[in-house]
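S.K.: What follows is a structure written as structure tokens; I'll ask about it next.
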Ligand code: B12
Ligand code: SF4
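Residue numbers (the numbering used here): 472 to 1015.
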């Protein structure tokens, strides 16, 4: 019997296997821990009808609140879920990987069922979907024994070893960095995990636990995910990723070549997708990696996210193309210098135009992401983004994401709202924010729609449209009805608001007083925290 079953929770990409689980599995193998992997995400997707597959569509994911999709997803696959619950009987420990809020809520539902049926199972959840306390609010108390917050490799091995040696000790798992023991009523003793500074010490994922034939069947494109780095060099004010993955670290480019060589030999792949937050955190590093890819003649195509940097050169971008890059996706976000400054971006509109042009001229198709309705964005700022698209349309292959700005709890923006003119209508609920100009959610959605219309006029492709918690029937009828699958239109989008209201009432006056107290305190502590954050850099405050 294997010691642990690692489970990838839906919804997640189905084109490639989940990299987080693959990394964990490889590390556990190297540490001599027996395991099995179940890509439950893929199991459900494979058994889904055409209409049920809309659960995996970005349009669904981004408009219907997480707890509702998770519940629907679970209920829609009665037989598969029953089989899965039965299977868990054979493992003492189940580790769920939650990549986003929906998969976190889904893990919570499944864990509750497993606990009811097999109370002795140890249930663990990890992944970006449960990193912040806000994200964990949908998981019923008592369903999960341990959350592993941040990088999972070392923490999971330590926890499994501690479970082996102290099966009856109720305090097991406590004091292991990265492990939040839910049986402990007092979670303040949580110690953040120390990120693995030397990534070369980690074995690369071989995907030996996955049946790769099952991914993207019937299509010629069979990429595998890969990482050249963890973390980001930037500190964008709205972003949670740099907090989660800090500090920025790179792997030896020779190891990356070995990894790709392994995948070519074992699986005959022709493409890899870098899941890095950015491939150009260090330009010297990127150049070395490209040189090695060119020298090794692997003939592999790759895509990656990249940051717009004023110091990107035409020569480097040509090398990037020669090294096999078939697309770079830049988070442009806005083309108003005023908004870029508020976002804490390190480039201007002029820099952005130059980098997109050079990338295109080097022969690398350019994808960009755009955020509209950032706090403080005026109509004039918004028009600057639209005019930028027009000016640079020749260089832009696709605007992959057009997003209405979402205020992520735990971003700098949410931690220091007064700096950005952000005001909450309800102090405990970041979903109710407005800015100094009274920017409303309706206006944000309107800007999304106007951006999409402009893209259509300009003939620029657009893959994903993001706006959260949109009431499909009241606010943007015709637009939403055109993109949301009929099967999901009957979900009541107002329900979560009611349910959040209940959540607030349940947590009562105490939370309200705490929130107000914290707000007053945050004004005084602002300067101090900024200093600490910059100084500590890599250290993460879960539940902040
Ligand atoms: C690449 C990527 C994608 C790719 C995934 C392709 C693939 N199949 O690999 C694509 C583009 C498809 C994608 C899509 C989406 N993504 Co995405 N994605 C990422 C990104 C940039 C990297 C993920 C990755 O591979 N990391 C590398 C691996 C090694 O790290 P890891 O998965 O975190 O795993 C480690 C730990 O988390 C932990 N861990 C993970 N699982 C488990 C399980 C256990 C038991 C334990 C102990 C530990 C553990 O240990 C692992 C090793 O250290 C992250 C950014 C980020 N900060 O993570 C966003 C991110 C995960 N994505 C996110 C989102 C929201 C989405 C979408 C829902 C976007 C959308 N709104 O449309 C979609 C969902 C797609 C779908 N159909 O379901 C969010 C999730 C935020 C949240 N809290 O909800 C992130 C964090 C980005 C962000 N800040 O917005 N994404
Ligand atoms: S560049 Fe991207 S990953 Fe890095 S801090 Fe900014 S938004 Fe986050």
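The beta-carbon is built from N, C-alpha and C at its ideal position, and this holds for glycine as well.
1) Around the ligand SF4, what residues have a beta-carbon under 6 Å from a heavy atom of it, in chain order?
2) Tell me the rounded alpha-carbon separation between residue 950 and residue 530.
3) If we require 4 or more residues per run, which alpha helix (DSSP H) segments fall completely within the stretch 770–815?
4) Going by DSSP, what residues sit across from residue 509 in a beta bridge?
5) Tell me the rounded alpha-carbon separation between residue 731 and residue 796.
6) Please determine, among 935, 617 and 832, the residue with the shortest C-alpha to C-alpha distance to residue 785.
7) Taking all protein chains shown into account, do 16 or more other C-beta atoms lie within 10 angstroms of the C-beta of residue 855, making it buried, or fewer, making it exposed?
8) Using the Cβ count rule (16 or more neighbours within 10 Å means buried), how would you classify residue 715?
9) Looking at the structure shown, is residue 532 part of a helix, part of a strand, or coil, going by DSSP?
10) Here's the rule I'm using: 16 or more other beta-carbon atoms within 10 Å means buried, otherwise exposed. How should residue 554 be labelled?
11) Is the beta carbon of residue 805 closer than 8 Å to that of residue 845?
12) Which of the three DSSP states, helix, strand or coil, is assigned to residue 670?
13) Less than 7 Å between the CB of residue 857 and some heavy atom of the ligand B12, yes or no?
14) Can you list, in chain order, the residues of its chain with a C-beta nearer than 6 Å to that of residue 823? Leave out the 5 residues immediately preceding and following it.
15) State the DSSP-derived secondary structure class of residue 483, mapped to helix, strand or coil.
16) Only counting the same chain, and skipping five residues up and downstream in sequence, which positions put a Cβ closer than 7 Å to that of residue 479?
17) With DSSP collapsed to three states, give me the class of residue 651.
18) Taking its Cβ as the centre, do 16 or more other Cβ atoms sit within 10 Å of residue 754, making it buried, or is it exposed?
19) Under 8 Å: do the stretch 700–710 and the stretch 740–753 share three or more Cβ pairs, one atom per stretch?
20) Are residue 721 and residue 756 close, meaning C-beta to C-beta below 8 Å?
21) Please report the distance separating the alpha-carbon of residue 650 from that of residue 618.
22) Suppose contacts are defined by Cβ-Cβ distances below 8 Å. Is residue 597 in contact with residue 570 by that definition?
23) Let me check understanding here. Comparing Cα to Cα, which of 908, 595 and 925 lies closest to residue 610?
24) Short check: CB of residue 477 to CB of residue 501, under 8 Å?
25) Is any non-hydrogen atom of the ligand B12 found closer than 7 Å to the C-beta of residue 568, if you look at the structure I gave you?
26) I think residue 593 touches residue 634, with their Cβ atoms under 8 Å apart; what is that distance to the nearest whole Å?
27) Could you pull out every residue in the same chain whose Cβ sits closer than 6 Å to the Cβ of residue 827, ignoring the five residues on either side in sequence?
28) Starting from residue 742 and walking both ways along the beta strand (DSSP E), at which residues does that stretch end?
29) Is residue 922 helix, strand or coil by DSSP?
30) Who are the Cβ neighbours of residue 584 in its own chain at under 7 Å, not counting the five residues just before and after it?
31) Using only alpha-carbon positions, find the residue among 674, 616, 541 and 646 that is nearest to residue 654.
32) Which whole-angstrom value is the C-beta distance of residue 820 and residue 859, which I expect to be below 8 Å?
33) What did DSSP end up calling residue 927 once you bin it into helix, strand or coil?
34) How big is the Cα-Cα spacing for residue 710 and residue 787?
35) Identify the continuous beta strand (DSSP E) that holds residue 875 and give its terminal residues.
36) Suppose you measure from the CA of residue 763 to the CA of residue 861; what does that come to, to the nearest Å?
M.R.: In short, the structure shows the following:
1) Screening all residues for a C-beta within a distance smaller than 6 Å of any heavy atom in the ligand SF4 leaves 703, 705, 706, 707, 710, 712, 713, 748, 749, 778 and 802, in chain order.
2) Residue placement at residue 950 cannot be trusted, given a pLDDT of 39 that sits under 50; what the coordinates show is reported in the next sentence. For the pair residue 950 and residue 530, the Cα-to-Cα distance works out to about 12 Å.
3) Here the runs fully enclosed are 785–793 and 808–813.
4) Beta-bridge pairing links residue 509 to 478.
5) Approximately 14 Å, taken between the alpha carbons.
6) When each option's Cα is compared against that of residue 785, the closest is 832.
7) Residue 855 comes out buried.
8) Counting the other CB atoms within 10 Å of its CB gives residue 715 a total of 16 or more, which places it among the buried residues.
9) Helix.
10) Looking at its Cβ environment, which holds fewer than 16 other Cβ atoms inside 10 Å, residue 554 is exposed.
11) Taking the C-beta atoms as reference points, residue 805 is found nearer than 8 Å to residue 845.
12) Three-state DSSP puts residue 670 in a helix.
13) No, the Cβ of residue 857 stays beyond 7 Å of every heavy atom of the ligand B12.
14) So the qualifying residues of the chain are 779 and 803.
15) Assigned with DSSP and collapsed to three states, residue 483 falls in coil, not helix or strand.
16) Hits under 7 Å: 489, 492, 510, 511, 512 and 568.
17) Looking at residue 651 - three-state DSSP - the assignment turns out to be strand.
18) Residue 754 is exposed by the Cβ-count criterion.
19) Contact holds: three or more Cβ-Cβ distances are below 8 Å.
20) The answer is yes: Cβ separation under 8 Å.
21) Cα to Cα, the separation comes out at about 6 Å.
22) The Cβ atoms of residue 597 and residue 570 lie no closer than 8 Å to each other.
23) Of the listed residues, the one whose Cα sits closest to residue 610 is 595.
24) Cβ atoms of residue 477 and residue 501: not closer than 8 Å.
25) In this structure, residue 568 has its beta carbon less than 7 Å from a heavy atom of the ligand B12.
26) Going by Cβ atoms, the distance from residue 593 to residue 634 rounds to 6 Å, so yes, they are a contact pair.
27) Result list for residue 827: 837, 863 and 866, in chain order.
28) Run containing residue 742: 742–745, per the beta strand (DSSP E) assignment.
29) DSSP places residue 922 in helix when its eight states are reduced to three.
30) Answer for residue 584: 556, listed in chain order.
31) Nearest option by C-alpha distance: 616.
32) For a cut-off of 8 Å, the C-beta gap from residue 820 to residue 859 is around 6 Å, short enough to register as a contact.
33) DSSP, read as helix, strand or coil, puts residue 927 in helix.
34) Approximately 27 Å, taken between the alpha carbons.
35) Element bounds for residue 875: 869–875.
36) When rounded, the distance between both Cα atoms is 37 Å.
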